[in-house]
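Engineer: Provided herewith is a single structure, encoded as structure tokens, for subsequent inquiry.
Protein chains: 2
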Amino acid sequence: MIEEHEYGYFTEADSADVVIARNKNAKDERLKAVMAVLVRKLHEAVKEIEPTQEEWFRAILYLTETGQICNEWRQEFILLSDVLGVSMLVDAINNRKPSGASESTVLGPFHVAGAPELPMGADICLDQKGEPMFVHGHILDTKGNPIAGAKIDVWQANDEGFYDVQQKGLQPDFNLRGVFRTGEDGRYWFRGVKPKFYPIPDDGPVGKLLGALGRHPYRPAHLHYIISAEGFETLTTHIFDPDDRYIDSDAVFGVKKSLLAEFVPVNDEAAAAKVGLSAPFYDVAFDFVLSRADKS
Amino acid sequence: MIEEHEYGYFTEADSADVVIARNKNAKDERLKAVMAVLVRKLHEAVKEIEPTQEEWFRAILYLTETGQICNEWRQEFILLSDVLGVSMLVDAINNRKPSGASESTVLGPFHVAGAPELPMGADICLDQKGEPMFVHGHILDTKGNPIAGAKIDVWQANDEGFYDVQQKGLQPDFNLRGVFRTGEDGRYWFRGVKPKFYPIPDDGPVGKLLGALGRHPYRPAHLHYIISAEGFETLTTHIFDPDDRYIDSDAVFGVKKSLLAEFVPVNDEAAAAKVGLSAPFYDVAFDFVLSRADKS
Numbered sequence: 001m002i003e004e005h006e007y008g009y010f011t012e013a014d015s016a017d018v019v020i021a022r023n024k025n026a027k028d029e030r031l032k033a034v035m036a037v038l039v040r041k042l043h044e045a046v047k048e049i050e051p052t053q054e055e056w057f058r059a060i061l062y063l064t065e066t067g068q069i070c071n072e073w074r075q076e077f078i079l080l081s082d083v084l085g086v087s088m089l090v091d092a093i094n095n096r097k098p099s100g101a102s103e104s105t106v107l108g109p110f111h112v113a114g115a116p117e118l119p120m121g122a123d124i125c126l127d128q129k130g131e132p133m134f135v136h137g138h139i140l141d142t143k144g145n146p147i148a149g150a151k152i153d154v155w156q157a158n159d160e161g162f163y164d165v166q167q168k169g170l171q172p173d174f175n176l177r178g179v180f181r182t183g184e185d186g187r188y189w190f191r192g193v194k195p196k197f198y199p200i201p202d203d204g205p206v207g208k209l210l211g212a213l214g215r216h217p218y219r220p221a222h223l224h225y226i227i228s229a230e231g232f233e234t235l236t237t238h239i240f241d242p243d244d245r246y247i248d249s250d251a252v253f254g255v256k257k258s259l260l261a262e263f264v265p266v267n268d269e270a271a272a273a274k275v276g277l278s279a280p281f282y283d284v285a286f287d288f289v290l291s292r293a294d295k296s
Numbered sequence: 001m002i003e004e005h006e007y008g009y010f011t012e013a014d015s016a017d018v019v020i021a022r023n024k025n026a027k028d029e030r031l032k033a034v035m036a037v038l039v040r041k042l043h044e045a046v047k048e049i050e051p052t053q054e055e056w057f058r059a060i061l062y063l064t065e066t067g068q069i070c071n072e073w074r075q076e077f078i079l080l081s082d083v084l085g086v087s088m089l090v091d092a093i094n095n096r097k098p099s100g101a102s103e104s105t106v107l108g109p110f111h112v113a114g115a116p117e118l119p120m121g122a123d124i125c126l127d128q129k130g131e132p133m134f135v136h137g138h139i140l141d142t143k144g145n146p147i148a149g150a151k152i153d154v155w156q157a158n159d160e161g162f163y164d165v166q167q168k169g170l171q172p173d174f175n176l177r178g179v180f181r182t183g184e185d186g187r188y189w190f191r192g193v194k195p196k197f198y199p200i201p202d203d204g205p206v207g208k209l210l211g212a213l214g215r216h217p218y219r220p221a222h223l224h225y226i227i228s229a230e231g232f233e234t235l236t237t238h239i240f241d242p243d244d245r246y247i248d249s250d251a252v253f254g255v256k257k258s259l260l261a262e263f264v265p266v267n268d269e270a271a272a273a274k275v276g277l278s279a280p281f282y283d284v285a286f287d288f289v290l291s292r293a294d295k296s
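Shown next, in the form of structure tokens:
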């Protein structure tokens, strides 16, 4: 025997300690620390579950299928992370906000870099389909002062629950996407259409798991935002329709109470004409509050 | 809002409870219980690790690569389970033995069903390569009585560390494999060659992880056994060479103290002739003790 060992051979009782001790020569201290936690929690889970050999093998096959369905445009492990609440937890940990700042939620897979910068007030709906919507509000700091020059990158699904990139040829390129920049008053406003709930891809292992757990694959209707301004933390978030049938059961746990907007139906031609729409339309007012980059 | 929710929306503090509550309609109670443990432990791990978004994404990519390298003959998730000690833990949980019974270890990927049943004493080495070895002992119950009619399925790597199925064409089919059956005295004996340490497949994600953790991919030299007899629990195990350089650092944690054999060099022509070999050879004596199927 060529080396002393701290924990001796593997036993059920010592299992995690034996494995963690084996990683003592890892050069990357962060990797070593991360693996110690993962091994400890994994062994705790196995000891609590006490899987049969067959259950263990089914888990192996499930992970394998999840990896094998991934391709250039499909990431099933992210989807698995999403439906287990892990993506939202990682988002929460990385975006702890000071009191008063708007909360973040997941980016999602449908953001497209390079959407056109539009004049404030523009209609991002390029195909005139759906119920018109007027969205407006302010970009503020935590003291309530307007932020000038804030960049607002917004994107949304259409009235059938599809993003432009999911319906190439059916929707115009960059449909329901736009980038806006605030003036001195920190105000923003633009026109779109009322978004609809939609399912995450559910024809793979994640969809099967949701089905077995008695869960649906839907996300409640929402608008996506990335809001950035010099000197402030960038905010990646959504606003949600609180009347959506799935508002309490978002498949990926993205909803936060503070992100519920109001979609107020307005049936008044004068009010509609004032914002460049025809009645009826939905009025959505929402202010976003950014925290300073130094977290002050 | 169409349904009451027990935990409300996702928060960092409540994250696991919110996800687990969502699975309340799962029809399969076992699945529901298993997922509750997995979600809880996964969220505990994430909260302890506090991964950056980039670290989370690297983990997603690692799992994806692990799934994508799997094929008909390669199972990288089993390998990952092996090097994290999970396979041995599942084995331990499913094979808790009464005092005095031989301990189990992992099956490994190289067992072949249907190996030929051979007369006791046969030489399972079909190509005369390597250092000759005589292996013998008894199959006993926990009271020390011999078990008649026990079936011993044995397989091993050759003197270069390869199984026949890894060297098709280079080794004869069923080289270093055999099935034996005990008589009234419970004795078994056969001839083979001294096995050698070998690496698990280390050209994929698992090999990369081992490297980053400062670990080698080797398994110490061993012989595999599946021993079965009517009325007894089937025993899947190895015996190990305690002088192997990797005996204290088996990449898959398969070694147990009780499974260390002795490989005694014998340089005596008369003793060699008596067992049908020529000197020098290795003498390996090992008794296996089976527990009754009713665990008594």
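Top line first, the protein sequences correspond to chains L and U. The first sequence: position 226 = 226 (this note's numbering), numbered continuously. The second sequence: position 255 = 255 (this note's numbering), numbered continuously. Just so you know, even glycine gets a beta-carbon here, dropped at the ideal spot from N, CA and C.
1) Val252(L) and Val106(L): beta carbons closer than 8 Å?
2) Is the number of C-beta pairs between the stretch 206 to 223 of chain L and the stretch 234 to 253 of chain L that are closer than 8 Å three or more?
3) Do you know offhand how far Ser15(L)'s Cα is from Leu118(U)'s?
4) Helix, strand or coil for Glu117(L), going by three-state DSSP, please let me know.
5) Do you know offhand how far Asp202(U)'s Cα is from Leu38(U)'s?
6) In chain order, what residues of the stretch 116 to 144 of chain L put their CB closer than 8 Å to some CB of chain U?
7) Can you tell me whether Ser81(U) is helix, strand or coil according to DSSP?
8) Assign Trp155(L) to one of three DSSP states: helix, strand, or coil.
9) Where does Lys321(L) fall in DSSP's three states?
10) For Leu79(L) and Val206(L), I'd like the C-alpha separation in whole angstroms.
11) Helix, strand or coil for Val288(L), going by three-state DSSP, please let me know.
12) Check for me: the beta strand (DSSP E) holding Tyr246(L) runs from which residue to which?
13) So who's on the other strand from Arg30(L), going by DSSP bridges?
14) Under 7 Å Cβ-Cβ, which residues of chain U neighbour Pro51(L)?
15) Looking at the C-beta of Arg58(U), does it have a partner C-beta in chain L at a distance below 8 Å?
16) So, is Gly209(U) buried or exposed, given that buried needs 16 or more other C-beta atoms within 10 angstroms?
17) With Pro132(U) as the anchor, note down where its beta strand (DSSP E) starts and where it stops.
18) With a threshold of 8 Å between beta carbons, is Ala45(L) in contact with chain U?
19) Counting only Cβ-Cβ distances shorter than 7 Å, please list the residues of the stretch 209 to 237 of chain U near chain L, keeping chain order.
20) Expressed to the nearest angstrom, what Euclidean distance is found between the alpha-carbon atoms of His5(L) and Lys47(U)?
21) Residues of chain L with CB under 7 Å from Phe253(U), in chain order?
22) Rounded to whole angstroms, what's the CA-CA distance from Gly214(U) to His43(L)? Just pull it up for me.
23) Within the continuous beta strand (DSSP E) that includes His189(L), where are the two ends?
24) Less than 8 Å between CB atoms is the rule here; does Lys41(L) satisfy it with respect to chain U?
25) To the nearest angstrom, how far is the alpha carbon of Gln156(L) from that of Leu170(L)?
26) Below 6 Å CB to CB, which residues in the same chain sit around Ile69(L) once its five sequence neighbours on both sides are set aside?
27) Determine the burial state of Gly36(L): buried for a count of at least 16 other Cβ atoms within 10 Å of its Cβ, exposed for fewer.
28) Against chain L, does Ile28(U) count as a neighbour if the rule is that its beta carbon must be under 8 Å from one of theirs?
29) Check whether the Cβ of Ser81(L) lies closer than 8 Å to any Cβ atom in chain U.
30) So, with DSSP's three-state summary, where would you put Asn94(U)?
31) Going by Cα to Cα distance, which pick from Gly67(L), Phe180(L), Asn95(L), Phe240(L) is closest to Glu262(L)?
32) Could you list which residues in chain L have their beta carbon closer than 7 Å to that of Phe77(U), in chain order?
33) Is the beta carbon of Tyr225(U) less than 8 Å from the beta carbon of Met133(U)?
34) To the nearest angstrom, how far is the alpha carbon of Ile20(U) from that of Lys32(U)?
35) Are Val165(L) and Pro116(L) touching if we call contact CB-CB under 8 Å?
36) Which bits of chain L does Lys257(U) rub up against, with CB to CB less than 8 Å?
Structural biologist: Checking against the coordinates, here is how it stands:
1) Result yes, Cβ atoms of Val252(L) and Val106(L) sit closer than 8 Å.
2) Segments in contact, yes.
3) Whole-angstrom Cα-Cα distance: 38 Å.
4) If DSSP states are grouped into helix, strand and coil, Glu117(L) belongs with the strands.
5) Near 28 Å, if we compare the C-alpha coordinates of Leu38(U) and Asp202(U).
6) For the stretch 116 to 144 of chain L, which is checked against every Cβ of chain U, not one residue is closer than 8 Å.
7) Secondary structure of Ser81(U) (DSSP, three-state): helix.
8) Strand, per DSSP.
9) Coverage of chain L is limited to positions 1 through 296, which leaves residue 321(L) absent and any answer about it impossible.
10) Each residue's alpha carbon lies about 7 Å from the other.
11) Note that residue 288(L) is Phe in the sequence shown, not Val. When DSSP states are grouped into helix, strand and coil, Phe288(L) belongs to the strand group.
12) Run containing Tyr246(L): none; DSSP gives neither H nor E here.
13) As computed with DSSP, Arg30(L) is found in no beta bridge at all.
14) Neighbours of Pro51(L) on chain U, chain order: Val90.
15) Judged by the 8 Å Cβ criterion, Arg58(U) is not in contact with chain L.
16) Strictly speaking, residue 209(U) in this sequence is Leu, with Gly absent from that position. Counting the other CB atoms within 10 Å of its CB gives Leu209(U) a total of 16 or more, which places it among the buried residues.
17) Run containing Pro132(U): 132 to 141, per the beta strand (DSSP E) assignment.
18) Chain U contact via Cβ: present.
19) Using a CB distance below 7 Å, the part of the stretch 209 to 237 of chain U facing chain L consists of Ala212, Leu213, Gly214, Arg215, ordered along the chain.
20) Any reading at His5(L) must be qualified, since the residue scores a pLDDT of 47, below 50, and its modelled position is unreliable; the value itself is stated next. Whole-angstrom Cα-Cα distance: 31 Å.
21) The contacting residues are Phe10, Val18, Val19.
22) Using only the alpha carbons, I get a separation of about 21 Å.
23) Checking the sequence shown, residue 189(L) turns out to be Trp, not His. Where Trp189(L) is concerned, the enclosing beta strand (DSSP E) stretches over 187 to 193.
24) Interface annotation, Lys41(L): in contact with chain U, CB-CB separation under 8 Å.
25) Gln156(L) and Leu170(L) have their alpha carbons spaced roughly 16 Å apart.
26) Within the same chain, Ile69(L) has close Cβ partners Glu76, Gly204.
27) Checking the sequence, you will find Ala at residue 36(L) rather than Gly. Label assigned to Ala36(L): buried.
28) The question names Ile, but residue 28(U) is Asp in the sequence shown. With respect to chain L, the C-beta atom of Asp28(U) has a partner C-beta closer than 8 Å.
29) Against chain U, the CB of Ser81(L) has a partner CB under 8 Å away; the residue lies at that interface.
30) Correct three-state label for Asn94(U): helix.
31) With respect to the C-alpha of Glu262(L), the residue from Gly67(L), Phe180(L), Asn95(L), Phe240(L) having the closest C-alpha is Phe240(L).
32) Correct list: Ile60, Leu63, Thr64.
33) In this structure, Met133(U) does not lie closer than 8 Å to Tyr225(U) by Cβ.
34) Cα to Cα, Ile20(U) sits roughly 8 Å from Lys32(U).
35) Contact flag unset, no.
36) Close to Lys257(U), with beta-carbon spacing below 8 Å, are these residues of chain L in chain order: Gly8, Tyr9.
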